[in-house]
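Novice: Before we start, here is the structure in question, set down as structure tokens.
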């Protein structure tokens with residue numbers, strides 16, 4: 298099935314909505330919705346995903362603009378990160394009795 | 004990778020293959036898939052899945068979404084007549100939530116590679132099903148209480164289990180929906196409580212509504228396990244986690260004490276408590292009525308679909324205008 | 023006495039007066055109104071209640087699911103505003119009426135909303151144009167009332183202005199989309215504008231009630247309000263490629279209870295359950 302390239306007839310493009318619950322918190326994916334343009338998507342997102350005051354800020358992103366890793370990549374893509382223990386603080390020893398952090 | 008599989012971002016990958024184009028399932032892949040399910044992992048949109056799993060989910064999720072949207076109509080019928088401003092506000096908010104829930108689930112269904120627009124069309128041309136309960140008319144204000152109490156109560160029993168369904172996007176939509184629906188049942192039961200403690204006319208209104216909605220609410224859990232075509236497969240793949248009859252019994256057990264608290268009866272002379280199983284045993288459901296309503300001959304099937312079609316047709320020029328305007332704007336931006 | 027009188031009616035010759043009749047000349051040519059602040063609050067509250075009710079008629083019937091949710095939000099905001107304002111009106115009146123008594127147990131002639139808000143919901147274009155015309159007025163009015171010395175009213179204004187600013191943003195975007203969309207949408211929405219325009223003049227008319235509340239420090243410069251409204255509306259109509267209708271004769275009367283016939287039907291529906299069970303709690 299072809300992704301809609303732009304708004305045609307009743308097929309409005311799909312947007313992904315990200316909400317920030319509080320200032321300083323990360324944005325989380327909340328869901329998606331249909332809208333003709335970014336402002337329209339923003340307004341719809343406010344009504345659909347922030348009716349109960351769940352968000353301080355919103356992002357809307359055209360779904361087609363997102364590139365994602367594939368499940369089959371999972372091994373080669375992420376495993377190499379697993380054996381780099383020196384990236385974690387537990388890798389390092391502090392002298393007994395001294396509070397380093 | 005557990006962190007990625009669990010992440011919300013992962014859910015937004017939209018499949019672009021249609022069901023029909025999928026090749027016959029490779030037994031090795033099926034085995035790997037079923038091992039994942041057995042290990043309690045959730046399935047995400049880009050994961051390999053058997054064609055049947057995809058089609059069953061598409062069917063279940065779109066039926067669920069349609070039910071939310073058609074379900075706006077019977078309650079919408081009383082918004083303009085709600086007898087206090089507070090009731091008017093909570094009823095609007097509830098019907099609005101149903102639109103929202105329809106939307107969440109449609110979006111979840113779109114991750115399976117179908118377009119909401121096509122799903123809508125299946126609803127409008129009568130080929131898609133939705134919950135039979137919404138084909139019953141709402142005849143008095145008490146119906147708003149009883150729908151919240153019984154119909155949403157039944158839906159919550161169903162959905163709480165669905166929140167643990169194996170398909171990630173569906174499960175996540177359900178978690179969100181269950182959170183929001185807590186208020187639906189409470190506002191319904193509150194209406195019932197006020198009516199039960201009200202004037203004789205209000206009490207009579209409440210009893211009448213319960214008499215009409217009791218059996219249709221029990222039918223919401225679908226056919227009995229012995230006659231449910233889809234149950235085996237859906238349970239094995241953990242799409243469903245409990246059988247129709249198990250959920251129905253759980254609902255009755257939860258609901259009867261609430262009816263007792265209201266001081267009303269349910270229209271079932273065979274109802275009795277079984278001290279051994281601790282279950283409320285209920286009488287035989289009229290499955291011929293269920294079949295009639297499912298096959299389009301319920302009291303309001305025609306009206307509900309006509310209302311949806313009218314809204315869709317009346318909205319055509321609006322959707323076209325918005326599309327045309329966005330295209331104009333995009334052209335202007337390009338030219339600039 | 024009255025019954026004998028009635029039976030004799032046909033026997034009375036034109037112009038003949040009978041001794042002992044009650045005076046037949048009323049106190050004024052105009053409608054009979056209550057205390058200015060109560061009347062003023064009823065106008066504010068009724069506008070929002072009736073418009074909210076009209077919007078709620080869309081619930082389940084919108085052109086697309088996302089818009090269904092948006093219109094319901096507007097309805098909720100407006101009915102919420104109405105409830106606060108009517109509660110305050112009841113307190114000021116001091117006759118023991120709360121917001122529900124005022125909403126459900128007044129007849130049409132006791133309603134004080136403008137004619138614009140009671141017009142039928144029509145198609146989506148009618149709804150959006152009406153909403154836009156009202157939102158632009160409402161935002162400017164709340165701005166003027168933010169500094170009102172009446173603490174209750176100022177607090178309501180502070181909350182309502184946030185809601186209405188968003189409504190205006192949403193409704194004006196839709197006016198632009200529909201006006202500058204397809205040929206069909208342009209014609210439809212221009213028609214809505216032409217039909218509804220004659221009800222906009224009433225929004226900016228000041229009368230004895232406005233003078234009455236001015237004594238309590240609630241002063242709104244209607245002429246300045248109209249000028250800013252004109253500017254705001256013109257900007258959006260321009261973006262929407264719509265033609266501003268000429269200011270013809272204004273339809274008025276809602277502020278003093280002289281409504282169009284539509285209000286009676288709306289209230290007959292809205293009040294039916296509450297009035298069928300007088301004294302019941304819900």
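Chains as they are written, first to last, in our numbering: chain A, 298 to 398; chain B, 4 to 339; chain C, 23 to 304. For every residue, glycine included, the Cβ atom is placed at its ideal position computed from N, Cα and C. Note that the structure is a prediction, hence the values are computed from the model and not measured.
1) For the stretch 165-172 of chain C against the stretch 238-250 of chain C, are there 3 or more C-beta pairs whose distance is under 8 Å?
2) Using the beta-carbon of each residue, which ones in chain B are nearer than 8 Å to residue 210 (chain C)?
3) Considering only residues of the same chain and omitting the five flanking positions on each side of residue 328 (chain A), which have a CB-CB separation below 7 Å?
4) Report buried or exposed for residue 389 (chain A), applying the criterion of at least 16 other Cβ atoms within 10 angstroms of its Cβ.
5) I'd like the ranges of any alpha helix (DSSP H) spanning at least 4 consecutive residues and lying wholly in the stretch 96-173 of chain C.
6) Are residue 270 (chain B) and residue 213 (chain B) close, meaning C-beta to C-beta below 9 Å?
7) So what does DSSP say about residue 327 (chain A), is it helix, strand or coil?
8) Which complete alpha helix (DSSP H) runs does the stretch 214-241 of chain B hold, if anything under 4 residues is left out?
9) In the DSSP assignment, what are the bridge partners of residue 356 (chain A)?
10) Hey, would you say residue 167 (chain B) sits closer than 9 Å to residue 174 (chain B), going by beta carbons?
11) Per DSSP, which residues does residue 283 (chain B) bridge with? Please list them.
12) Going along the stretch 96-117 of chain C in order, which residues come within less than 9 Å of chain B, judged by CB to CB distance?
13) Quick one: which chain C residues come within Cβ less than 7 Å of residue 197 (chain B)?
14) Examine the Cβ distances between the stretch 62-77 of chain B and the stretch 125-133 of chain B and report whether three or more of them are shorter than 8 Å.
15) At which residues does the alpha helix (DSSP H) containing residue 337 (chain B) begin and terminate?
16) Do you know offhand how far residue 220 (chain C)'s Cα is from residue 284 (chain C)'s?
17) Measure the CB-CB distance between residue 69 (chain C) and residue 156 (chain C) and report whether it falls below 9 Å.
18) Alpha carbon to alpha carbon, how far is residue 235 (chain B) from residue 243 (chain B)? Give it in angstroms, no decimals.
19) I want to see whether chain A comes within less than 9 Å of residue 49 (chain B), judged by CB atoms only; does it?
20) Quick one: is residue 152 (chain B) near chain C, going by C-beta distance under 9 Å?
21) Give the interface partners of residue 308 (chain A) over in chain C, defined as CB-CB distance under 7 Å, in chain order.
22) Starting from the C-beta of residue 334 (chain A), find all residues in its chain whose C-beta is less than 6 Å away, skip the five residues before and the five after it, and write them out in chain order.
23) Can you find a CB in chain B that lies within less than 9 Å of the CB of residue 382 (chain A)?
24) What residues in its chain sit with their C-beta under 8 Å from that of residue 94 (chain C), if we drop five residues either side in the sequence?
25) Taking 8 Å as the threshold, find out whether the stretch 133-141 of chain C comes into contact with the stretch 220-229 of chain C through three or more Cβ pairs.
26) Can you give the beta carbon distance from residue 296 (chain C) to residue 203 (chain B), rounded, assuming they're within the 8 Å contact cut?
27) For residue 273 (chain B), does the count of other Cβ atoms within 10 angstroms reach 16, so buried, or fall short, so exposed?
28) Looking at the C-beta of residue 126 (chain C), does it have a partner C-beta in chain B at a distance below 9 Å?
29) By the 9 Å beta-carbon criterion, what residues does the stretch 300-320 of chain B contribute toward chain C?
30) Using alpha carbons as the reference points, say which of B:229, B:113, B:99 lies closest to residue 78 (chain B).
31) Starting from the beta carbon of residue 87 (chain C), find every residue of chain B whose beta carbon is closer than 8 Å, and list them in chain order.
32) With residue 107 (chain B) and residue 180 (chain B) assumed to form a contact (beta carbons below 8 Å), what rounded beta-carbon distance in angstroms separates them?
33) Between residue 348 (chain A) and chain B, is the shortest Cβ-Cβ distance under 9 Å, so that the two count as touching?
34) When Cβ atoms are compared, which residues of the stretch 167-183 of chain C fall closer than 8 Å to chain A?
35) Counting contacts by CB-CB distance shorter than 9 Å, is residue 332 (chain A) in contact with chain C?
Specialist: Looking at the atomic coordinates:
1) yes
2) In the third chain, residue 210 (chain C) corresponds to position 188, counting from 1. Result: 320.
3) Walking along the first chain from the start, residue 328 (chain A) turns up at place 31. Counting only Cβ-Cβ distances below 7 Å, and skipping sequence neighbours, we find 314, 346.
4) For this step, residue 389 (chain A) is matched to residue 92 along the first chain. Taking all protein chains shown into account, residue 389 (chain A) has fewer than 16 neighbouring C-beta atoms within 10 Å of its C-beta and is therefore exposed.
5) Entirely contained in the stretch 96-173 of chain C, the alpha helix (DSSP H) runs reaching 4 residues are, in chain order, 121-126, 137-140, 146-167.
6) The sequence position of residue 270 (chain B) within the second chain is 267, counting from 1. The sequence position of residue 213 (chain B) within the second chain is 210, counting from 1. Yes, these two residues count as a Cβ contact at 9 Å.
7) Within the first chain, numbered from 1, the residue matching residue 327 (chain A) stands at position 30. In this structure, residue 327 (chain A) counts as strand in the three-state DSSP scheme.
8) 234-239
9) Your numbering for residue 356 (chain A) matches position 59 in the first chain. DSSP lists A:315 as partners of residue 356 (chain A).
10) Taking the first residue of the second chain as 1, we reach residue 167 (chain B) at position 164. Taking the first residue of the second chain as 1, we reach residue 174 (chain B) at position 171. Taking 9 Å as the Cβ cut-off, residue 167 (chain B) and residue 174 (chain B) qualify as a contacting pair.
11) Within the second chain, residue 283 (chain B) is the residue found at index 280, counting from 1. Bridge partners of residue 283 (chain B): B:276.
12) 97, 98, 101, 102, 104, 105, 108
13) By one-based count along the second chain, residue 197 (chain B) stands at place 194. In chain order: 303, 304.
14) Yes, the stretch 62-77 of chain B touches the stretch 125-133 of chain B.
15) The residue labelled residue 337 (chain B) in the question sits at position 334 within the second chain. Per DSSP, residue 337 (chain B) belongs to the alpha helix (DSSP H) from 304-338.
16) Against the third chain, residue 220 (chain C) aligns to sequence position 198. Against the third chain, residue 284 (chain C) aligns to sequence position 262. Going from the Cα of residue 220 (chain C) to the Cα of residue 284 (chain C) covers about 16 Å.
17) Working through the third chain from its first residue, we reach residue 69 (chain C) at position 47. Working through the third chain from its first residue, we reach residue 156 (chain C) at position 134. For the 9 Å CB-CB criterion, residue 69 (chain C) and residue 156 (chain C) form a contact.
18) In the second chain, the residue the question calls residue 243 (chain B) occupies position 240. In the second chain, the residue the question calls residue 235 (chain B) occupies position 232. Going from the Cα of residue 243 (chain B) to the Cα of residue 235 (chain B) covers about 9 Å.
19) To locate residue 49 (chain B), count along the second chain from 1; it is residue 46. Yes, contact with chain A.
20) The residue you call residue 152 (chain B) lines up with position 149 of the second chain. Not an interface residue.
21) The residue labelled residue 308 (chain A) in the question sits at position 11 within the first chain. Within chain C, no residue comes near residue 308 (chain A); the closest Cβ sits about 11 Å away, beyond 7 Å.
22) Within the first chain, numbered from 1, the residue matching residue 334 (chain A) stands at position 37. Around residue 334 (chain A): no qualifying Cβ.
23) Here residue 382 (chain A) refers to the residue found at position 85 of the first chain. Judged by the 9 Å Cβ criterion, residue 382 (chain A) is not in contact with chain B.
24) In the third chain, counting from the first residue as 1, residue 94 (chain C) sits at position 72. Counting only Cβ-Cβ distances below 8 Å, and skipping sequence neighbours, we find 77, 78, 80, 81.
25) yes
26) Here residue 296 (chain C) corresponds to residue number 274 of the third chain, with the count starting at 1. Here residue 203 (chain B) corresponds to residue number 200 of the second chain, with the count starting at 1. Their Cβ separation, rounded to whole angstroms, is 17 Å, which puts residue 296 (chain C) and residue 203 (chain B) out of contact at 8 Å.
27) The count along the second chain starts at 1 and reaches residue 273 (chain B) at position 270. A residue is called buried when at least 16 other Cβ atoms come within 10 angstroms of its Cβ; residue 273 (chain B) does not meet this threshold and is exposed.
28) Reading the third chain from its first residue, position 104 is the one you call residue 126 (chain C). Yes, because at least one Cβ of chain B sits closer than 9 Å to the Cβ of residue 126 (chain C).
29) 310, 311, 313, 314, 315, 317, 318, 319, 320
30) Within the second chain, the letter at position 75 stands for residue 78 (chain B). The closest CA to that of residue 78 (chain B), considering only B:229, B:113, B:99, is found on B:99.
31) The residue labelled residue 87 (chain C) in the question sits at position 65 within the third chain. In chain order: 72, 102, 105, 106, 109.
32) Locating residue 107 (chain B) in the second chain gives position 104, where the first residue counts as 1. Locating residue 180 (chain B) in the second chain gives position 177, where the first residue counts as 1. 6 Å between Cβ atoms; contact.
33) Here the question's residue 348 (chain A) lines up with position 51 in the first chain. True, the Cβ-Cβ gap to chain B drops below 9 Å.
34) none
35) Position 35 of the first chain holds residue 332 (chain A). Taking Cβ atoms only, chain C reaches closer than 9 Å to residue 332 (chain A), which makes this a yes.
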